[in-house]
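Worksheet: the structure to be examined is printed underneath.
Chains as they are written, first to last, in this note's numbering: chain A, 10 to 155; chain B, 10 to 155; chain C, 808 to 890; chain D, 808 to 890.
In structure tokens:
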């Protein structure tokens, strides 16, 4: 179980390969990657603020919950903060388990919690101005299934 | 949408990174990787037989269904056949979408169909003998949710 | 009519060959299975329990009561175990 | 008691600073919010709609009616948008 919060880019391919290679007994590895998306056109950059200390604590707690709830051989969460350009990877989650249902469920659980319970805030800077990304009702609702 | 059936190993990390980089407009990329697992201990190798022609057709049909059903920017399926050692990667699926729910659902759909509707058969060769892997009832039942 | 009949996994092993041409006048898959069962013990053994088998007609999954009219390739195999 | 009070995202921008020390005798978060609102317009603006805010006590999410006894760090911020 590994959690990293960093401003530097991460190498998704190397992280995913390293994670998969380290999973003894796993038959299934699921990864999720979030990418800065230019939804409206004209996005210059995304700025991600976080709450140092609480972030690491919240992510570690989520990962521990996932490990306790599903039969996992491992879980990895990496989340960036700071300034990101469109197309850059914001974060990744990886889970590994003997069976695919556990790996999928744990990855979705981690993503749902990460969206609404980890202290990150996204701000979009476009040619027209800047604005904080609003939380989506469906992200909050997604937590109900766990 | 890309489907490959091959006996050679594939480079999961490179495939996943290449796939992610090619997804214009995607905010979410999900990958699934299946790994040869030595469940009982003593597995020497796994031999995967398939039905050339029907395999490609079935996988392409599944990928087309996924693209029709969810809002995806792309989908990738790679499946190996032939002789594999424990720890080797059997197959991978990657999906990309503007939103994570679509990417997750499409990846799970592809996996469920691939398990029970793509003409692959696994044989395990152990020190004690050889045996065809039996289909699991829960894999067949998993199709009901789609 | 002449059909290409293919066998996979333990069906192939039990029958002892991966494919063969079969001359038949069977109207359905079940009819074809009945003919094959009557050939030799190894066929009877392979087709003993149809619930353990799946069939594809021209590379599409089908039911055992499906008609064979117009079909060129029939494949018999156990439930698939991909992924 | 003296609390470290932290602000994030638009709460930080509206109030104009990321953190400050606050001397308070408020029993709950709501009591603290009432005191802060009374300070200046920028605080009143930031805390105008509590349904748009979240609070963490010592880095754990909490409710607005939670007691402040024993707490050292209080953080106010909008709903989180990670991932």
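We put the beta carbon where it would ideally sit given N, CA and C, even for glycine.
Exposure of residue i, with buried meaning 16 or more beta-carbon neighbours within 10 Å
i: residue 130 (chain B); result: buried
i: residue 808 (chain D); result: exposed
i: residue 24 (chain B); result: buried
i: residue 101 (chain B); result: buried
i: residue 27 (chain B); result: exposed
i: residue 58 (chain A); result: buried
i: residue 888 (chain C); result: buried
i: residue 111 (chain A); result: buried
i: residue 863 (chain C); result: buried
i: residue 886 (chain D); result: buried
i: residue 103 (chain B); result: buried
i: residue 33 (chain A); result: exposed
Alpha carbon of residue i to alpha carbon of residue j, nearest angstrom
i: residue 857 (chain C); j: residue 810 (chain C); result: 20 Å
i: residue 843 (chain D); j: residue 871 (chain D); result: 14 Å
i: residue 11 (chain B); j: residue 861 (chain C); result: 27 Å
i: residue 107 (chain A); j: residue 78 (chain A); result: 14 Å
i: residue 855 (chain D); j: residue 147 (chain B); result: 52 Å
i: residue 97 (chain B); j: residue 82 (chain A); result: 16 Å
i: residue 80 (chain A); j: residue 155 (chain A); result: 16 Å
i: residue 56 (chain B); j: residue 816 (chain C); result: 10 Å
i: residue 830 (chain D); j: residue 890 (chain D); result: 35 Å
i: residue 874 (chain D); j: residue 881 (chain D); result: 11 Å
i: residue 109 (chain A); j: residue 834 (chain D); result: 48 Å
i: residue 823 (chain C); j: residue 122 (chain A); result: 54 Å
i: residue 859 (chain C); j: residue 144 (chain B); result: 10 Å
i: residue 85 (chain B); j: residue 837 (chain D); result: 51 Å
i: residue 153 (chain A); j: residue 114 (chain A); result: 14 Å
Cutoff 7 Å: residue i Cβ touching any chain C Cβ
i: residue 141 (chain B); result: yes
i: residue 137 (chain B); result: no
Beta-carbon proximity of residue i to residue j, cut-off 7 Å
i: residue 142 (chain A); j: residue 53 (chain A); result: no
i: residue 29 (chain B); j: residue 38 (chain B); result: yes
i: residue 14 (chain A); j: residue 93 (chain A); result: no
i: residue 22 (chain B); j: residue 68 (chain B); result: no
i: residue 63 (chain B); j: residue 828 (chain C); result: no
i: residue 869 (chain D); j: residue 821 (chain D); result: no
7 Å Cβ cutoff, residue i in contact with chain D
i: residue 154 (chain A); result: no
i: residue 127 (chain A); result: yes
Cβ of residue i within 7 Å of any chain B Cβ
i: residue 871 (chain C); result: no
i: residue 134 (chain A); result: no
Any C-beta of chain A under 7 Å from that of residue i
i: residue 828 (chain D); result: no
i: residue 44 (chain B); result: yes
i: residue 825 (chain D); result: no
i: residue 833 (chain D); result: no
**Request:** Indicate whether the contact test is met: 3 or more Cβ pairs, each with one atom in the region 60-75 of chain B and one in the region 111-126 of chain B, closer than 8 Å.
**Result:** Yes, since at least three Cβ pairs between the region 60-75 of chain B and the region 111-126 of chain B fall closer than 8 Å, the two stretches touch.
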